[in-house]
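Colleague: Read top to bottom, the protein sequences are chains G and X. To convert, count from 1 in the first sequence and add 4; that's the numbering used here. To convert, count from 1 in the second sequence and add 27; that's the numbering used here. All residues carry an ideal CB built from backbone N, CA and C; glycine is no exception. Given the structure is predicted, the values throughout are model-derived calculations rather than measurements.
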Amino acid sequence: MNKFFDLRFVIGAFFFVVGLMLLIYSLTNPTIEHAAVNRGCGFTFLIFAIVMMLLAISKKPQDKL
Amino acid sequence: MQLHFIDYGIIGLYFLFVLGIGFLLKKRIKTANDFLMSTRNIPLWITSLAFISANLGAQEVLGMAANGAKYGLYTAHFYWLGAVFAMVFLGLFMMPFYYGSKARSVPEYLKLRFDEKTRTFNAFTFAAMTIFSSGISLYALAMLMQTILGWDFNVSIWVAAGIVLAYTFLGGLTSAVYNEVLQFFLIVLGIAPLIYIGMQQAGGLHGILANVENAKLHLWKGMSNPAGNPMGTDAFSMIFGLGFVLAFGYWCTDFLVVQRAMISHNLNDARRTPIIAALPKIFMPLIVIVPGIILLALQKQFTGFELPKNINGQTDYNMVLPLLLSKLYPSGILGVGITALIASFMSGMAGNVTAFNTVFTFDIYQSHIKKHASEKHYLNVGKATTVVGILLSILTAYVARGFNSIMDLLQLVFSFVNAPLFATFLLGMFWKKSTANGAFWGLLSGTGTAAITYSLTMAEGKGGSIANLHTFYSGTSQAFNIAWISFTVCFIVTAIISFFTKRKPENELVGLVYSLTPRQQDKNRIRYKNPLWVAVIVLAITLFLNILFY
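(1) I'd like the span of the alpha helix (DSSP H) that includes THR157 (chain X), first residue to last.
(2) Return the bridge partner residues of THR342 (chain X) from the DSSP annotation.
(3) With a threshold of 16 other CB atoms inside 10 Å of the CB of ARG546 (chain X), please say whether the residue is buried or exposed.
(4) Using a Cβ-Cβ cut-off of 9 Å, state whether VAL55 (chain G) counts as contacting chain X.
(5) Using CA coordinates, which residue listed in X:THR58, X:ILE360 and X:ALA324 is at the minimum distance from HIS233 (chain X)?
(6) Please list the segments of the alpha helix (DSSP H) lying wholly inside the region 206 to 279 of chain X, counting only runs of 4 or more residues, in order along the chain.
(7) If the cut is a Cβ gap below 7 Å, which residues of chain G does ILE360 (chain X) touch?
(8) Does chain G have any CB closer than 9 Å to the CB of LEU422 (chain X)?
(9) Looking at the structure shown, is ILE69 (chain X) part of a helix, part of a strand, or coil, going by DSSP?
(10) Between ILE15 (chain G) and the rest of its own chain, which residues show a CB-CB distance below 7 Å, the 5 nearest in sequence each way excluded?
(11) Identify every residue that forms a DSSP beta bridge with PHE576 (chain X).
(12) Could you tell me which of X:THR480, X:ALA411 and X:LEU422 sits nearest to PHE443 (chain X), measuring between CA atoms?
(13) Which residues in the same chain as LEU350 (chain X) place their Cβ atom closer than 6 Å to its Cβ, once the five residues preceding and following it in sequence are excluded?
(14) Is PHE329 (chain X) helix, strand or coil by DSSP?
(15) For chain X, is any of its Cβ atoms less than 9 Å away from the one on PHE52 (chain G)?
(16) Compare the C-beta of GLY61 (chain G) against all C-beta atoms of chain X and say whether one is closer than 9 Å.
(17) Tell me the DSSP secondary structure of ASP10 (chain G) in three-state form.
(18) MET5 (chain G) to ALA53 (chain G), Cα distance in whole Å?
(19) Is the number of C-beta pairs between the region 301 to 308 of chain X and the region 78 to 96 of chain X that are closer than 8 Å three or more?
(20) Below 8 Å on the Cβ atoms is my guess for MET265 (chain X) versus PHE507 (chain X); work out the distance and round it to an integer in Å.
(21) With DSSP collapsed to three states, give me the class of ALA81 (chain X).
(22) What span of residues does the beta strand (DSSP E) with THR484 (chain X) cover, start to end?
(23) Rounding to the nearest angstrom, what Cα-Cα distance links PRO318 (chain X) and PHE383 (chain X) in this structure?
(24) Could you tell me the alpha carbon to alpha carbon distance between VAL182 (chain X) and ASN337 (chain X), rounded to whole angstroms?
(25) Can a CB atom of chain G be found closer than 9 Å to the CB of PHE310 (chain X)?
(26) Run through chain G and tell me which residues come within less than 9 Å of PHE212 (chain X), C-beta to C-beta.
(27) Taking SER291 (chain X) as the reference, which of X:THR201, X:THR515, X:PHE44 and X:GLY49 has the closest Cα?
(28) Please tell me whether LEU24 (chain G) and ASN42 (chain G) are closer than 9 Å, where the distance is taken between their beta carbons.
(29) When the distance is taken between beta carbons, is TYR101 (chain X) closer than 9 Å to LEU246 (chain X)?
(30) Considering only C-alpha positions, which residue in the set X:ALA103, X:PHE62 and X:GLN393 is nearest to GLY199 (chain X)?
(31) LEU31 (chain G) touches chain X at which residues, Cβ-Cβ below 8 Å?
(32) Could you check whether the Cβ of PHE49 (chain G) sits closer than 9 Å to any Cβ belonging to chain X?
(33) Are VAL45 (chain X) and MET289 (chain X) closer than 9 Å when you measure CB to CB?
(34) What does PRO134 (chain X) touch in chain G if you count any residue whose Cβ is under 8 Å from its own?
(35) Would you please state the rounded distance, in angstroms, between the beta carbons of VAL285 (chain X) and ALA96 (chain X)? I believe it to be under 8 Å.
(36) Let me know the secondary structure DSSP gives GLY465 (chain X) once reduced to three states.
Here it is in structure tokens:
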């Protein structure tokens, strides 16, 4: 449970939600100009978020909130 | 610029997270030390990112993009000539004295090395500067929101100030620092797609090279003559004024950034904080300067990328980033971009307010008003100071609204205060014969000289309130020259007075002066943990970039 309050996890959680929002928005609004930008950014944010959360879970908690 | 539901959703989510971080950290705050100093217990990667993020405020994000369009790649000198070398110097040579002396702030180091009056002078000028800077951040945020989104000026000010107050009041310095890390990632990831999209639209590297004036794509070409480069400066004022005095003055003596290193676990981490921070700092021009250069290429090829005029009828370069966001970002990622801008303003504001409350509590209140009180008392003073700091920032923001030249004034105040202060520190840390009276009068005369130089010279229609003895090609060039002149005067006056006044006994200067402090041998065999090795890598990359973009 403590690991969920690690700063890396919190940052990861933020970008996970933002990435998910962008992906869903790009899929539900495919006709919008530059929809691919939202899709690409959403996907990148998700990868970044997962890496941050994995770092928080796999390493010892050192910066717990 | 029209925001949609998803854009507002992202902005709202960001506000929720920053407040959440403050709320979660609330239980950690029990003493003034927890609130104002984070109990010197913050991990290295956080202090390093907070170190550069504290500087990533309005002036940096909007200002550097503006300079990118105005001066081109010459703006990168602020990083590849100034910041990086100064950060390495701070880590290798100055941090052992800041951290090792157990001083809680930069003014407190001045008290230990010199005396109370030098500390008080620095504490008051620094406190005024932070409030000024925080208020300008707030003003700029509200103006930007009003201009590009049509939000009400008053609502923007009070909402942004309220959120910063909430998370700094709840979690103190730790909360500000942790949020700075989130803000760092948000600024980088929120603006990076703009570079990719902008480059594509501008025709890639070939399009940039073909459409941007050649002089704006070099770092050193045309430096022999002020008329031969877009910044209108010469090699001496660039290298000595910016590269040495202004950059070292800011990065090595400004408590706002130095505080982030002083809260590390141990001395090794404190030394590595600015050096590791220098690594991402090297690449920051990609995020904050390149957008300005991309805009120049887009202006040549398309219509609709013209910058608006400000109230004086001049091109408003500060609108570079907002203009690109509105033209190149669709809704969705636009919300991330706008949130990144809001984050940069809030980061700058919170950094200033947390530095202000530390300096006020320790260097003004504890030193002059109530010397011996309980920890709880100083915690309450720190919290009350946070509220007062925010209220004063709001007041400054409203004052700034009435004076359109206040932003220029702020830049000037920095060069007035930080440039001579660096001379004081240089002599204080590395020359055991410098005395308290020498430092105080040197500092006063250096600051006075900066004011007089400004009043006797002009650039871009500013300055010259007494007479105009010289006109500089640009305001930037004027600032570089004021910096090296005030530094030199402070250095000489401090040295001369020190020869004739009584100095502290040497045993009181151990741990405060380089020649009297035993060297700490860094026996760390793991190279990435050795500050010297990291510094060599950072400097090698910086030199390579200087040669590559000659």
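Modeller: Taking the structure as given:
(1) 143 to 171
(2) X:LYS336
(3) exposed
(4) no
(5) X:ALA324
(6) 231 to 238
(7) LEU26, VAL41, ASN42 and CYS45
(8) no
(9) strand
(10) MET56
(11) According to DSSP, which records beta bridges pairwise, PHE576 (chain X) is partnered with nothing at all.
(12) X:THR480
(13) none
(14) coil
(15) yes
(16) Reading off the sequence shown, one finds Ile at residue 61 (chain G), where the question assumed Gly. Judged by the 9 Å Cβ criterion, ILE61 (chain G) is not in contact with chain X.
(17) strand
(18) Since pLDDT at MET5 (chain G) reaches only 45, below the 50 mark, its modelled position is unreliable, and no value is offered.
(19) yes
(20) 6 Å
(21) coil
(22) 484 to 486
(23) 32 Å
(24) 23 Å
(25) no
(26) ILE15, PHE18, PHE19, PHE52 and MET56
(27) X:THR201
(28) no
(29) yes
(30) X:PHE62
(31) Those within 8 Å of LEU31 (chain G) in chain X number zero; the least Cβ separation is about 11 Å.
(32) yes
(33) no
(34) Those do not exist, as PRO134 (chain X) stays about 28 Å from chain G at its closest Cβ, beyond 8 Å.
(35) With 8 Å as the limit, VAL285 (chain X) and ALA96 (chain X) do not qualify as a contact, their Cβ atoms being about 31 Å apart.
(36) helix
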